[in-house]
Amino acid sequence: MTKQKKNAWAIFWAILAMLYFFLPMLGTFIFSLRMKRGVLSFMAYQSVLADSHFLESFRYSATMGIITVTISVLLLLPTVYWIYIKAPWMRAAMDIITILPFVVPVIVLVFGLIRTFGRPPFQLTLTAFGTDILMTAGYVIITMPYMYRAIDVGMRSVDVRTLTEAAQSLGSNWLQVLTQVILPNLRIAVLSGALICFATVMGELILGDFLVRPALGSYMAGVGRSKAYEPAALAIISYGLTWLCLGLIQYFSRGRQDGQLTGR
């Protein structure tokens, strides 16, 4: 097969993949504009954005996403750093542990949380605050593979041990090394993991449904059971949020690469 034929096939499969992904989105978008008979309009989007329940659920999920990202970074960044410096033999075990959320269904996680912490002596499900704690714990577990992989890849790209030894030789303690030396070199990796985790929390359904909290995923499911055009509008909004997060990851990653090429 000549090089031209290979390029033609590559272009063909790329176009086919783009059609596979974007045609359903285009169809959903056009359908969301047909709320008013015979006219293309944004009435479905106006209806969604004017709904107080949507604003409440969006605000709740965004807050939970920020809290989840914060806890994940505070938990995993020191852990991964300690493993790289003190216990590199544990990396294989961590690789297995961090993929368990992909293996164990979310529904099993939810029932485990409810059965364990919904009865004495904890009884966290009796209050909204206690249920939010369970929600946050569940989100941290679900998003752990994304945040761990992002931080792990960032750690692999820098010489952590040399940076640590150099900083300690100048009198820095462990906290200063982690926050002032290691973290600045991992900011793109941490940001990438944070955006993926945030997008995951914004679209998660099962935790919000079974713990009966006003999450955005639960709101979208409820609207989908009772209305026709608003769910399509919500799907486009959700797609937009996801693509925005991916675009930000690409933008900041490219900025990091350009800075490395120019020596900054």
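Mapping of the sequence shown onto the UniProt record's numbering: position 1 corresponds to residue 1, and the numbering continues sequentially without gaps. Cβ coordinates follow ideal geometry from the N, Cα and C atoms, glycine included.
Work out the CA separation of I83 and L26 for me, nearest whole Å. Against the sequence shown, residue 26 aligns to sequence position 26. Against the sequence shown, residue 83 aligns to sequence position 83. Looking at the two C-alpha atoms, the distance is approximately 46 Å.
Given a cut-off of 8 Å on the beta-carbon distance, is the pair S32 and Y229 in contact? Residue numbering aside, residue 32 sits at position 32 when the sequence shown is read from its first letter. Residue numbering aside, residue 229 sits at position 229 when the sequence shown is read from its first letter. Less than 8 Å separates the beta-carbon of S32 from that of Y229.
Given 8 Å as the limit, is there contact between the segment 208-227 and the segment 181-191, that is, 3 or more CB pairs closer than that? Segments in contact, no.
So, does the segment 61-72 touch the segment 195-210, judging by three or more C-beta pairs under 8 Å? Touching, per the Cβ criterion.
Taking C-beta to C-beta, are F102 and P145 nearer than 8 Å? For the purposes of this step, residue 102 is taken as the residue at position 102 of the sequence shown. For the purposes of this step, residue 145 is taken as the residue at position 145 of the sequence shown. Yes, Cβ-Cβ distance for F102 and P145 is below 8 Å.
In chain order, what residues of the same chain have a beta carbon less than 7 Å from the beta carbon of D152, not counting five sequence neighbours either side? Walking along the sequence shown from the start, residue 152 turns up at place 152. Excluding its 5 nearest sequence neighbours in each direction, D152 has C-beta neighbours in its own chain below 7 Å: V80, listed in chain order.
Please report the Cβ distance between T127 and I71, rounded to the nearest whole angstrom; I am assuming they are in contact, meaning their Cβ atoms lie under 8 Å. Taking the sequence shown and counting its residues from 1, one reaches residue 127 at position 127. Taking the sequence shown and counting its residues from 1, one reaches residue 71 at position 71. In fact, because the Cβ distance is near 20 Å, the residues do not count as touching under 8 Å.
Mind checking whether L195 and Y139 have CB atoms under 8 Å apart? Here residue 195 refers to the residue found at position 195 of the sequence shown. Here residue 139 refers to the residue found at position 139 of the sequence shown. No, the Cβ-Cβ distance between L195 and Y139 is not below 8 Å.
What number of angstroms, rounded off, separates the C-alpha of Y20 from the C-alpha of Q176? Taking the sequence shown and counting its residues from 1, the one referred to as residue 20 is at position 20. Taking the sequence shown and counting its residues from 1, the one referred to as residue 176 is at position 176. Distance between the alpha carbons of Y20 and Q176 is about 49 Å.
Which residues in the same chain as A150 place their Cβ atom closer than 6 Å to its Cβ, once the five residues preceding and following it in sequence are excluded? To locate residue 150, count along the sequence shown from 1; it is residue 150. Closer than 6 Å at Cβ, skipping near neighbours: A189, S192 and G193.
For the alpha helix (DSSP H) holding P121, just list the boundary residues, first then last. Walking along the sequence shown from the start, residue 121 turns up at place 121. Element bounds for P121: n/a, residue is neither H nor E.
Expressed to the nearest angstrom, what Euclidean distance is found between the alpha-carbon atoms of T242 and V106? Taking the first residue of the sequence shown as position 1, residue 242 is located at position 242. Taking the first residue of the sequence shown as position 1, residue 106 is located at position 106. CA-CA distance, T242 to V106, rounds to 21 Å.
Indicate whether I85 and V181 have their beta-carbon atoms separated by less than 8 Å. Position 85 of the sequence shown, counting from 1, holds the residue named residue 85. Position 181 of the sequence shown, counting from 1, holds the residue named residue 181. It is not a contact, given that the beta carbons lie outside the stated cut-off.
With H, G and I counted as helix, E and B as strand and the rest as coil, what does DSSP make of V104? By 1-based counting over the sequence shown, the position of residue 104 is 104. It is coil, neither helix nor strand.
Do the CB positions of T68 and A235 come within less than 8 Å of each other? In the sequence shown, counting from the first residue as 1, residue 68 sits at position 68. In the sequence shown, counting from the first residue as 1, residue 235 sits at position 235. Taking C-beta atoms as the reference points, T68 and A235 fail to come closer than 8 Å.
Could you say which of S57, L244 and T116 lies nearest to G222 if we only look at CA atoms? Locating residue 222 in the sequence shown gives position 222, counting from the first residue. Among S57, L244 and T116, the Cα nearest to that of G222 belongs to S57.
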